[in-house]
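Engineer:
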Amino acid sequence: MAAAAQPNGENPDFIPLPRTSESEKLKCIRHTASHVMAMAVQKLFPTAQVTIGPWTETGFYYDFDNSDSFTEQDLKAIKKEMDKIIKKKLPVIREEVTREDAAQRIERIQEPYKLEILNDMIKGDPITLYHLGDEWWDLCAGPHVENTSMLNPKAIALESVAGAYWRGDEKRQQLQRIYATAWETPAQLKEYKRRKAEALKRDHRKLGKELGLFVFSDLVGPGLPLWTPKGAIVRSLLENFLKAEQVKRGYQGVVTPHIARTDLFKISGHWDNYKEDMFPMMADDEADRVAEQGFVMKPMNCPFHIQIYQSELRSYRELPIRLAEFGTVYRYEQSGELGGLTRVRGFTVDDSHLFVTPDQLESEFLNVVDLILTVFEKLQLKNFRARLSFRDPESGKYIGGDDVWNKAENAIRKAVQHLGMDYFEAPGEAAFYGPKLDFIFRDVLEREWQLGTVQVDYNLPDRFDLEYVGEDGNRQRPVMIHRAPFGSLERLIGILIEEYAGDFPLWLAPTQVRLLCVSDEFVPYAQTIVEQLLAQGVRAEVGTGERLGKLVRIAEKQKIPVMAVVGAQEQENQTLSIRTRAAGELGALAADEVVQRLVTANRDRVDF
RNA sequence: GCCGAUGUAGCUCAGUGGUAGAGCACUCGAUUCGUAAUCGAGUGGCCGUCGGUUCAAAUCCGUCCAUCGGCUCCA
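What follows is the structure, given as structure tokens:
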């Protein structure tokens, strides 16, 4: 429309929305807004105690210890109170104080959480207070705006309430968190809300239902998705794609059961370190239950693949051995953690375990990373971050010694540095048996999810006493690499749906082509084309029984990539009038040519 | 698991104490139609579950189940 073509290519209506970390101004606004909110809450709820109120990338929150949780009405009242505070034009004053001074002042206003924060602050760091006029102050590092009048009440919105544990520790007090957002201008707030609503349209749960890809059933159970015919197509296409890549790279497929004796997991360490995440043991009787002589659903595939490795004596000549399986695992996730396809209780890992000599470790690791990046590229996944998930040296929840861990962590760090990848290190994110290189994606709600992963493991080979015969005839210990480019099919497809906004590329679309008949009399002609396409592996079908406009609408809503209109002219000239979701109407093309192009595009996994 | 919200037809939703509604979908009939909704009729709900309050409950209260937003935890 009017705003379309500008000489400089810029849309004058475009409102940029920086993330907080990218804007000093937003940092100030959100810090101050957070203080104003806390002051408002304490005015309305005098017994509420303050804790922390940091900014987030899209807004800020503040945690309160309050006897009741805040209601929608409370939020409205709090917002009103905030507006009043802003109107008072209170100066925001920074004051640097000594630790003793701060402690005394906190003592005076009876804020135990604040005292705990103060006590945890590193010695030597300056301690600063920020005052809102002479009415309210909080311990805060800043920065802030200079006066509350610099906040625009119409650019602030309180969004939601939630429970949150003090210090993120579920054993501690649960606090009441208010999520809110604040911007420079009302226009920015409006734009933020618009984008949020827009993002929600891409939610994989909504699109999954609309496109008929998967369902859940209360009778089957929470976190256990059921794949419909269309969803099953997407799954198997992804499987076939990865399997083909793996064949090129020397992987061998294996198949293993879904349950095993508890003994297997005792040796692997899962029984001691992962039991809470496993479904309870199935035992024949009470005696077996007490003796832990039962079976469990597998939470991981590694111990099974290890058994295949161990089933014969291996030679260094065989290594590396790469065993791959789309292995379905079951994990007992807590009820509140479940959601859509991104967090489920039964899921399929595109798992593989590589048994390598120490000499082969680095090159095999690099090959795996290369595979993962190749896969992401083909799936057009770009918005990921690489995370080095190392162990938390303070925590005791890991198996194996320091030397082994250091060796594994260094191997990973060296590899990503060699590749020149952008990465960040995350202590405490490792698996219990080894460090990982994880690939993290964001969903429409900006939540981060781990998809692909590579792990270096010296521990399980020890625990299972794995061996191979070396060149010198002596028994040697292999190193294991655990890896899963997709992570899990469920989570991957959830993320893909959102990345594509439901518009699967041609090769992944459940229905690739629909031939829309202008009237019923053209169905036989359409059918002959459909048969040609099906015979060559293109998922095509006939659309009829409605007026053309309706058929187009239905196909558009189902996000079918290619529509072919069939009427008198097309039948007469042996053509098809092509309309694609991406490019709209392309006009009449020879039917033979269309069939050939579709077959080729499908085979090469490119667009029509 | 914890805090909070929600649950009405296959889907999206209206209905706040007095005999359950709409649109779409579905079925049937008419229409044979040219690129995002042809017209008409019909089918369809133990109002998530169990219990309570009441002369009377989709509606008020409680329980459980599920979903959603967070926290914790994770592929």
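Mapped onto this note's numbering, the consecutive letters of the first sequence carry residue numbers 2 to 609. Yeah, the Cβ is synthetic: ideal placement off N, Cα and C, and Gly gets one too.
The alpha helix (DSSP H) with Met83 in it runs from where to where?
Structural biologist: By 1-based counting over the first sequence, the position of residue 83 is 82. Met83 -> alpha helix (DSSP H) spans Glu73 to Lys88.
Engineer: At 3 residues or longer, and completely inside the region 94–147: list those beta strand (DSSP E) runs for me, N to C.
Structural biologist: List check, beta strand (DSSP E) in window: 128–133 and 137–140.
Engineer: Measure the CB-CB distance between Ala510 and Pro462 and report whether it falls below 8 Å.
Structural biologist: As a first step, residue 510 is located in the first sequence; it is residue number 509 there, counting from the start. As a first step, residue 462 is located in the first sequence; it is residue number 461 there, counting from the start. Cβ distance not < 8 Å, so Ala510 and Pro462 don't count as in contact.
Engineer: Can you give me the Cβ contacts of Ala610 inside the same chain, cut-off strictly under 8 Å, excluding the 5 residues immediately before and after it?
Structural biologist: The displayed coordinates of the chain run from 2 to 609. Any statement about residue 610 would go beyond what the structure contains.
Engineer: Starting from the C-beta of Arg206, find all residues in its chain whose C-beta is less than 6 Å away, skip the five residues before and the five after it, and write them out in chain order.
Structural biologist: Numbered from 1 along the first sequence, position 205 holds the residue referred to as residue 206. Excluding sequence neighbours, Arg206 sits near Gly341.
Engineer: Enumerate in chain order the residues of its own chain whose CB-to-CB distance from Leu420 is below 8 Å, with the five nearest sequence positions on each side excluded.
Structural biologist: Within the first sequence, the letter at position 419 stands for residue 420. Hits under 8 Å: Leu367 and Val370.
Engineer: Compare the C-alpha of Leu534 against each of Arg178, Ser336, Ala163 and Val596 and name the closest.
Structural biologist: Indexing the first sequence from 1 puts residue 534 at position 533. Per the Cα distances, Val596.
Engineer: Between Gln247 and the rest of its own chain, which residues show a CB-CB distance below 6 Å, the 5 nearest in sequence each way excluded?
Structural biologist: Taking the first residue of the first sequence as position 1, residue 247 is located at position 246. Counting only Cβ-Cβ distances below 6 Å, and skipping sequence neighbours, we find Ala325.
Engineer: Looking at C-beta atoms only, is the number of pairs between the region 297–309 and the region 325–334 that lie closer than 8 Å three or more?
Structural biologist: Touching, per the Cβ criterion.
Engineer: Looking at the structure shown, is Met481 part of a helix, part of a strand, or coil, going by DSSP?
Structural biologist: Residue mapping note: residue 481 aligns to position 480 of the first sequence, counting from 1. Reduced to three states, the DSSP call for Met481 is strand.
Engineer: For Glu171, count neighbouring Cβ atoms within 10 angstroms of its own Cβ and tell me buried if that reaches 16, exposed if not.
Structural biologist: To locate residue 171, count along the first sequence from 1; it is residue 170. It is exposed - the Cβ of Glu171 has fewer than 16 other Cβ atoms within 10 Å.
Engineer: Report yes if the CB atom of Lys560 is closer than 8 Å to the CB atom of Leu214, and no otherwise.
Structural biologist: Locating residue 560 in the first sequence gives position 559, counting from the first residue. Locating residue 214 in the first sequence gives position 213, counting from the first residue. The answer is no: Cβ separation not under 8 Å.
Engineer: So, helix, strand or coil for Val596, using DSSP?
Structural biologist: What you label residue 596 is simply residue 595 of the first sequence in a count that begins at 1. In this structure, Val596 counts as helix in the three-state DSSP scheme.
Engineer: Check this for me: beta carbons of Ile400 and Asn274, under 8 Å apart or not?
Structural biologist: For the purposes of this step, residue 400 is taken as residue 399 along the first sequence, with counting starting at 1. For the purposes of this step, residue 274 is taken as residue 273 along the first sequence, with counting starting at 1. Cβ distance < 8 Å, so Ile400 and Asn274 count as in contact.
Engineer: Can you say whether Ala4 is buried or exposed, counting buried as having 16 or more other CB atoms within 10 angstroms of its CB?
Structural biologist: Here residue 4 corresponds to residue number 3 of the first sequence, with the count starting at 1. Its pLDDT being 37, under 50, Ala4 is placed unreliably in this model, and the value from its coordinates should be taken loosely. Burial call: exposed.
Engineer: Going by beta-carbon coordinates alone, are Lys115 and Val51 separated by less than 8 Å?
Structural biologist: For the purposes of this step, residue 115 is taken as residue 114 along the first sequence, with counting starting at 1. For the purposes of this step, residue 51 is taken as residue 50 along the first sequence, with counting starting at 1. Against a cut-off of 8 Å, the Cβ pair of Val51 and Lys115 comes out as a contact.
Engineer: Under 8 Å, with one C-beta from each stretch per pair, do the region 147–159 and the region 119–131 reach the 3-pair mark?
Structural biologist: Contact fails: fewer than three Cβ-Cβ distances are below 8 Å.
Engineer: Beta strand (DSSP E) containing Asp404: first to last residue?
Structural biologist: Counted from its first residue, the first sequence places residue 404 at position 403. Note, Asp404: premise wrong, no beta strand (DSSP E); alpha helix (DSSP H) at Asp403 to Leu420.
Engineer: Determine the extent of the alpha helix (DSSP H) in which Phe266 is found, giving its start and end residues.
Structural biologist: Here residue 266 refers to the residue found at position 265 when the first sequence is read from its first residue. Note, Phe266: alpha helix (DSSP H), Thr263 to Ser269.
Engineer: Thr129 and Glu1 - do their beta-carbons sit closer together than 8 Å?
Structural biologist: Residue 1 lies beyond the stretch modelled for the chain, which goes from 2 to 609, so this question has no answer here.
Engineer: Here's the rule I'm using: 16 or more other beta-carbon atoms within 10 Å means buried, otherwise exposed. How should Arg332 be labelled?
Structural biologist: If you number the first sequence from 1, residue 332 lands on position 331. Counting Cβ neighbours within 10 Å, Arg332 comes out buried, since at least 16 surround it.
Engineer: Considering only the alpha carbon of each residue, which of Leu119, Leu133 and Val93 lies closest to Gln105?
Structural biologist: Locating residue 105 in the first sequence gives position 104, counting from the first residue. Checking every option, the nearest Cα to that of Gln105 belongs to Leu119.
Engineer: State the start and end residues of the unbroken beta strand (DSSP E) segment that holds His32.
Structural biologist: Residue mapping note: residue 32 aligns to position 31 of the first sequence, counting from 1. Unbroken run through His32 is the alpha helix (DSSP H), Glu25 to Leu45; no beta strand (DSSP E).
Engineer: Where DSSP assigns a beta bridge to Lys437, which residues make up the other side?
Structural biologist: Locating residue 437 in the first sequence gives position 436, counting from the first residue. Lys437 is bridged to Ser390 and Gln456.
Engineer: What's the call for Met283, buried or exposed, on a 16-neighbour Cβ count within 10 Å?
Structural biologist: Taking the first sequence and counting its residues from 1, one reaches residue 283 at position 282. With fewer than 16 Cβ atoms within 10 Å of its Cβ, Met283 is classed as exposed.
Engineer: Which whole-angstrom value is the C-beta distance of Glu199 and Ala181, which I expect to be below 8 Å?
Structural biologist: Taking the first sequence and counting its residues from 1, the one referred to as residue 199 is at position 198. Taking the first sequence and counting its residues from 1, the one referred to as residue 181 is at position 180. The pair is not a contact, with the Cβ atoms about 20 Å apart (cut-off 8 Å).
Engineer: Using only the heavy atoms of the ligand ATP, determine whether one of them is closer than 7 Å to the beta carbon of Gly270.
Structural biologist: The ligand ATP is not part of this structure, which contains no ligands at all.
Engineer: By DSSP, does Asp521 sit in helix, in strand, or in coil?
Structural biologist: Counting from 1 along the first sequence, the entry for residue 521 is found at position 520. Three-state DSSP puts Asp521 in a helix.
Engineer: Run through the region 246–308 for me and flag every whole beta strand (DSSP E) of 3 or more residues, listed as ranges in chain order.
Structural biologist: If we require 3 residues or more, the beta strand (DSSP E) runs fully inside the region 246–308 come out as 260–262 and 296–298.
Engineer: With DSSP as the reference, label Ala325 as helix, strand or coil.
Structural biologist: Position 324 of the first sequence, counted from the first residue, corresponds to residue 325. Strand, per DSSP.
Engineer: In angstroms with no decimal places, state the Cα-to-Cα distance between Arg173 and Ile87.
Structural biologist: Taking the first sequence and counting its residues from 1, one reaches residue 173 at position 172. Taking the first sequence and counting its residues from 1, one reaches residue 87 at position 86. Rounded to whole angstroms, Arg173 to Ile87 spans 34 Å at the Cα level.
Engineer: What does the alpha-carbon distance come out to for the pair Ala569 and Phe523?
Structural biologist: Taking the first sequence and counting its residues from 1, one reaches residue 569 at position 568. Taking the first sequence and counting its residues from 1, one reaches residue 523 at position 522. About 7 Å.
Engineer: By the three-class DSSP mapping on this structure, what secondary structure does Ala6 have?
Structural biologist: Position 5 of the first sequence, counted from the start, is the residue given in the question as residue 6. Caution applies to Ala6, whose pLDDT of 39 falls short of 50 and renders its modelled position unreliable; the value that the coordinates give is listed next. It is coil, neither helix nor strand.
Engineer: On the CB-based measure, 16 or more other CB atoms within 10 Å of its CB, does Gly402 come out buried or exposed?
Structural biologist: Here residue 402 is taken as the residue at index 401 of the first sequence, counted from 1. With fewer than 16 Cβ atoms within 10 Å of its Cβ, Gly402 is classed as exposed.
Engineer: Going by CA-CA distance only, name the one from Leu552, Glu500 and Trp508 that's closest to Arg203.
Structural biologist: What you label residue 203 is simply residue 202 of the first sequence in a count that begins at 1. Arg203 has its Cα closest to that of Glu500, out of Leu552, Glu500 and Trp508.
Engineer: Using CA atoms only, rank isn't needed, just tell me which of Pro113, Pro19, Phe15 and Cys29 is closest to Thr48.
Structural biologist: Mapped onto the first sequence, residue 48 falls at position 47. Looking at the Cα atoms, Pro113 is the closest of the given residues.
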